[in-house]
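**Q**
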Amino acid sequence: MPRSAYSPLSTLLGAALLCALSGTASATSGDSEDSNGSALSGWTFGYSPYTYHFSNAKKERDFEPDDERHKYVWLLNAEKKIDANQVVGFAYFSNSFGQPSQYAYYGWQFQPLSSTPQLFFKLTGGVIHGYKYPFHRKIPFNNRNGWGFTAIPAVGWNYNERWGGQLNVLGKSALMFQLNYSIR
420 MPRSAYSPLS
430 TLLGAALLCA
440 LSGTASATSG
450 DSEDSNGSAL
460 SGWTFGYSPY
470 TYHFSNAKKE
480 RDFEPDDERH
490 KYVWLLNAEK
500 KIDANQVVGF
510 AYFSNSFGQP
520 SQYAYYGWQF
530 QPLSSTPQLF
540 FKLTGGVIHG
550 YKYPFHRKIP
560 FNNRNGWGFT
570 AIPAVGWNYN
580 ERWGGQLNVL
590 GKSALMFQLN
600 YSIR
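Numbering (the working numbering), first residue to last: 420 to 603.
(1) Considering only their Cβ atoms, is the gap separating residue 519 from residue 542 smaller than 7 Å?
(2) Can you list, in chain order, the residues of its chain whose CB lies under 8 Å from that of residue 581, leaving out five sequence neighbours each side?
(3) For residue 506, report the span of its beta strand (DSSP E) as first-last.
(4) Does DSSP put residue 489 in a helix, a strand or coil?
(5) Just how far apart, CA to CA, sit residue 587 and residue 562?
(6) Just to confirm the assignment, what range does the beta strand (DSSP E) spanning residue 587 have?
(7) Residues in the same chain with beta-carbon distance under 6 Å from residue 464, minus the five sequence neighbours each way, listed in chain order, please.
(8) If you draw a straight line from the C-alpha of residue 540 to the C-alpha of residue 504, how long is it?
(9) Tell me whether residue 557 sits in a helix, a strand or coil according to DSSP, three-state version.
(10) Rounded to whole angstroms, what is the Cα-Cα separation between residue 516 and residue 557?
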């Protein structure tokens, strides 16, 4: 197996460990709202099967390929709720140009309407990696090697205590549809 195949896996495992440690630190400080003691309590796992792009991929700079088209985008993520409103997580995905990418983040989730507790808003921000040359300029605050910072707003709906869906707003480029499964 080529060396590059191990890189995303080791990144995913490292981020999962970081998330688990942050959850453990919260639990030991008495801030945990989980009462059943399960090691996976408070975790949400997500999958995005579809992303809608607002426009076709187009060449914007001389160093970009002439015939570029958006590729199929998918995402897998794991997110840990660390208190009533704060989350920390990691996503592994294939970006719009077919490059394996990662996003490690911290964020806030709110249920703004007490009459509709299923509705939530989320804002995450963190380190993103994967939009490499020649597509490094397709997202702001990114360098040629694919490292950058980003923020992603989302709106979602929890269908029941385990299943939910959310719509991630990817700047002015796309909307990502995501299905979530939570362990309580």
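Using N, Cα and C, we set each Cβ at its ideal position, and we do this for glycine too.
None of the values given here were measured: they were computed from a predicted structure.
**A** According to the data block:
(1) Position 123 of the sequence shown, counted from the first residue, corresponds to residue 542. Position 100 of the sequence shown, counted from the first residue, corresponds to residue 519. No, the Cβ-Cβ distance between residue 542 and residue 519 is not below 7 Å.
(2) Walking along the sequence shown from the start, residue 581 turns up at place 162. Taken in chain order, the residues that qualify are 600, 601, 602, 603.
(3) As a first step, residue 506 must be located in the sequence shown, where it is residue number 87. For residue 506, the enclosing beta strand (DSSP E) begins and ends at 505-513.
(4) As a first step, residue 489 must be located in the sequence shown, where it is residue number 70. Residue 489 falls in the coil class under three-state DSSP.
(5) Residue 587 sits at position 168 when you count from the first residue of the sequence shown. Residue 562 sits at position 143 when you count from the first residue of the sequence shown. Rounded to the nearest whole angstrom, the C-alpha separation of residue 587 and residue 562 is 23 Å.
(6) Numbered from 1 along the sequence shown, position 168 holds the residue referred to as residue 587. Boundaries of the beta strand (DSSP E) around residue 587: 582-589.
(7) Numbered from its first residue, the sequence shown carries residue 464 at position 45. Around residue 464: 497, 600.
(8) Reading the sequence shown from its first residue, position 121 is the one you call residue 540. Reading the sequence shown from its first residue, position 85 is the one you call residue 504. About 10 Å.
(9) Within the sequence shown, numbered from 1, the residue matching residue 557 stands at position 138. Three-state DSSP puts residue 557 in a helix.
(10) As a working mapping, residue 516 is identified with position 97 in the sequence shown. As a working mapping, residue 557 is identified with position 138 in the sequence shown. Computed Cα separation, rounded: 10 Å.
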